[in-house]
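Participant: Chains as they are written, first to last, in our numbering: chain A, 2 to 205; chain B, 2 to 205.
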DNA sequence: CATGATGAGAACATTTTGAGAACATAAGTG
DNA sequence: CACTTATGTTCTCAAAATGTTCTCATCATG
């Protein structure tokens, strides 16, 4: 039985790179990308390693096709959309799994009408949305009072604010979450909703 | 040819464009629009990609009809950990795919040693971490000064604070991000790092 | 010295991509 | 309806990108 143990260092590095690449991109890498990924320049050499892995039985090649590498074993780097949720912090005990609430699922973030926008500025800082954060927006043309929306004003300026109707819908208030800034009121016709905030995330 | 094939790069790009277009306009794009959207000039080439997608079964064509493309499946090729990042929203225009558009990849959140914790309390509110947020923690036993860590104090109490050594490492400061709260200093032996903050997210 | 792992890169084969002409049909207009 | 225009479809020609195979070279090791 062919085994990973029999691989040379570079072959293992190559396999590792391929697995990570697929986990990240969902498609296999090109030979050129593999070469760069393992620190060499030659496509030919990369191909030699790939061929060795195929001979070894850990991958299969779709002969001649671009990106024609398939993994034959489960990918240890595969992407998940759930994370273990280990309970509440500052609760006085070491962190432990809490029965009944055991996973956080980010599937909501990846709906088909969703997109991400990088936030600029501090206008929503009291809502915990800081400069540089990424917000997840669901594409919609309408919003309810209290929603945080991406609004296009006068077809010119885009902004992230809390949404509120006034004067029976003839006017729209866009309310920042920052006490140094003032809310703005526009005629409804000047404001177009581009999407509604459904999530926020930040990387450190 | 109706078999399930791997899509080529351009085919995937085409599918991606079509899905985004439909999400925004509710109708399918014309071939000319697809061509421009994926950066080519030839309607014929765009048609070739569309035909390939139809052969692959991810879309269906209303033969000959204008805008006669229907989506058949949720896109299995867009990674579940990737979202389009529309960065700057083009002034004066509806949100559109921007050439050179980037992606936000949540792959980082799903590492093997990561877990999620629900935050209780306001001790880190000035760092934009609010009550009810979920933080992503990488399991580690050590931290650098300035990291935000999950710390276990006296094997009894768990807390999320900014980490700082003092007195050459004999003491450890745990610093809240809330001016109403005070930083706390412990002997190093009383504090055990459980993990380091690498991300934060919130659902609305 | 013989051997094996490694790397560069040339040369070639095949796949993938692009342009655009030509035609057929759908959609719009009077 | 007749007519025009726009759009979808099919085709050929070509270029670019990628996979494959090869030779040559270096280095370490026994």
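Just so it is clear, CB atoms sit at the ideal spot from N, CA and C, and this is done for glycine as well. Please read all numbers here as calculations on a predicted model, not as lab measurements.
By a C-beta neighbour count over all protein chains shown, 10 Å radius and 16 as the cutoff for buried, is residue 75 of chain A buried or exposed?
Facilitator: When all chains shown are included, residue 75 of chain A counts as exposed.
Participant: Among B:180, B:144, B:203, B:181, which residue has its Cα nearest to the Cα of residue 193 of chain B?
Facilitator: Nearest option by C-alpha distance: B:144.
Participant: Quick one: grab the DSSP three-state call for residue 167 of chain A.
Facilitator: Residue 167 of chain A falls in the strand class under three-state DSSP.
Participant: Quick check: the segment 171-191 of chain B against the segment 165-184 of chain A, are there 3 or more CB pairs under 8 Å?
Facilitator: The segment 171-191 of chain B vs the segment 165-184 of chain A: no contact.
Participant: Does the Cβ-Cβ distance between residue 137 of chain B and residue 199 of chain B come in under 7 Å?
Facilitator: Yes, Cβ-Cβ distance for residue 137 of chain B and residue 199 of chain B is below 7 Å.
Participant: Any beta carbon of chain A sitting closer than 7 Å to that of residue 201 of chain B?
Facilitator: Cβ-Cβ to chain A under 7 Å: yes for residue 201 of chain B.
Participant: By alpha-carbon positions, which one of B:43, B:69, B:42 ends up nearest to residue 55 of chain B?
Facilitator: The shortest Cα separation from residue 55 of chain B among B:43, B:69, B:42 belongs to B:69.
Participant: May I ask you to list the residues that DSSP assigns as paired with residue 143 of chain A?
Facilitator: Looking at the DSSP assignment, residue 143 of chain A forms no beta bridge with any residue, so it has no partner.
Participant: CB-CB under 8 Å to residue 201 of chain A, same chain, minus the five flanking residues each way: which ones, in chain order?
Facilitator: Taken in chain order, the residues that qualify are 129, 130, 134, 135, 136, 137.
Participant: I'd like the span of the beta strand (DSSP E) that includes residue 152 of chain A, first residue to last.
Facilitator: That run of the beta strand (DSSP E) goes 149-154.
Participant: Quick one: grab the DSSP three-state call for residue 121 of chain A.
Facilitator: Three-state DSSP puts residue 121 of chain A in coil, outside helix and strand.
Participant: For residue 124 of chain B, which residues of its own chain have a beta-carbon under 8 Å away from its beta-carbon, when the five flanking residues on both sides are left out?
Facilitator: 160, 161, 162, 177, 178, 179, 182, listed in sequence order.
Participant: For residue 1 of chain A, which three-state DSSP category applies?
Facilitator: Summary: the structure shown does not reach residue 1 of chain A, with chain A confined to residues 2 through 205, and so no result is reported for it.
Participant: Which of helix, strand or coil does DSSP assign to residue 1 of chain A?
Facilitator: Look at the range of chain A in this structure, 2 to 205, and you will see that residue 1 of chain A is not part of it.
Participant: Return helix, strand or coil for residue 99 of chain A, following the three-state DSSP convention.
Facilitator: Note on residue 99 of chain A: pLDDT 41, under 50, position unreliable in the model; the coordinate value appears next. If DSSP states are grouped into helix, strand and coil, residue 99 of chain A belongs with the strands.
Participant: Which residue wins for smallest C-alpha separation from residue 147 of chain B, given the options B:64, B:22, B:164, B:62?
Facilitator: Of the candidates B:64, B:22, B:164, B:62, the one whose C-alpha sits nearest the C-alpha of residue 147 of chain B is B:164.
Participant: Since I believe residue 30 of chain A is in contact with residue 41 of chain A (beta carbons under 8 Å), could you give me their beta-carbon distance rounded to a whole number of angstroms?
Facilitator: Actually they do not touch by this definition, with Cβ atoms about 14 Å apart.
Participant: Looking at the structure shown, is residue 192 of chain A part of a helix, part of a strand, or coil, going by DSSP?
Facilitator: Note: residue 192 of chain A maps to strand in three-state DSSP.
Participant: At which residue ranges does the segment 11-44 of chain A contain complete beta strand (DSSP E) runs of 3 or more residues, listed in the order of the chain?
Facilitator: The qualifying runs do not exist here; there are none.
Participant: Strictly below 7 Å CB to CB, what residues from chain A border residue 131 of chain B?
Facilitator: The contacting residues are 129.
Participant: Look up residue 197 of chain A in the DSSP assignment and say whether it is helix, strand or coil.
Facilitator: Residue state, collapsed to three classes: strand.
Participant: For chain B, is any of its Cβ atoms less than 7 Å away from the one on residue 73 of chain A?
Facilitator: Not one chain B Cβ lies under 7 Å of residue 73 of chain A.
Participant: Should residue 50 of chain B be flagged as near chain A, meaning a C-beta pair shorter than 7 Å?
Facilitator: Chain A contact via Cβ: absent.
Participant: Looking at chain A, is there any beta carbon in it that lies within less than 7 Å of the beta carbon of residue 175 of chain B?
Facilitator: Chain A contact via Cβ: absent.
Participant: Does DSSP put residue 89 of chain B in a helix, in a strand, or in coil?
Facilitator: Annotation note: pLDDT 42 at residue 89 of chain B (below 50); position unreliable, no value reported.
Participant: Residue 50 of chain A to residue 155 of chain A, Cα distance in whole Å?
Facilitator: Looking at the two C-alpha atoms, the distance is approximately 57 Å.
Participant: Run through chain B and tell me which residues come within less than 7 Å of residue 198 of chain A, C-beta to C-beta.
Facilitator: Result: 205.
Participant: Since residue 158 of chain B sits in a beta bridge, which residues does DSSP pair it with?
Facilitator: In the DSSP output, where bridge partners are listed per residue, residue 158 of chain B has B:154.
Participant: DSSP state of residue 202 of chain B, grouped into three classes?
Facilitator: Strand at residue 202 of chain B.
Participant: Taking just the CA atoms, how far does residue 204 of chain B sit from residue 151 of chain A?
Facilitator: Using only the alpha carbons, I get a separation of about 16 Å.
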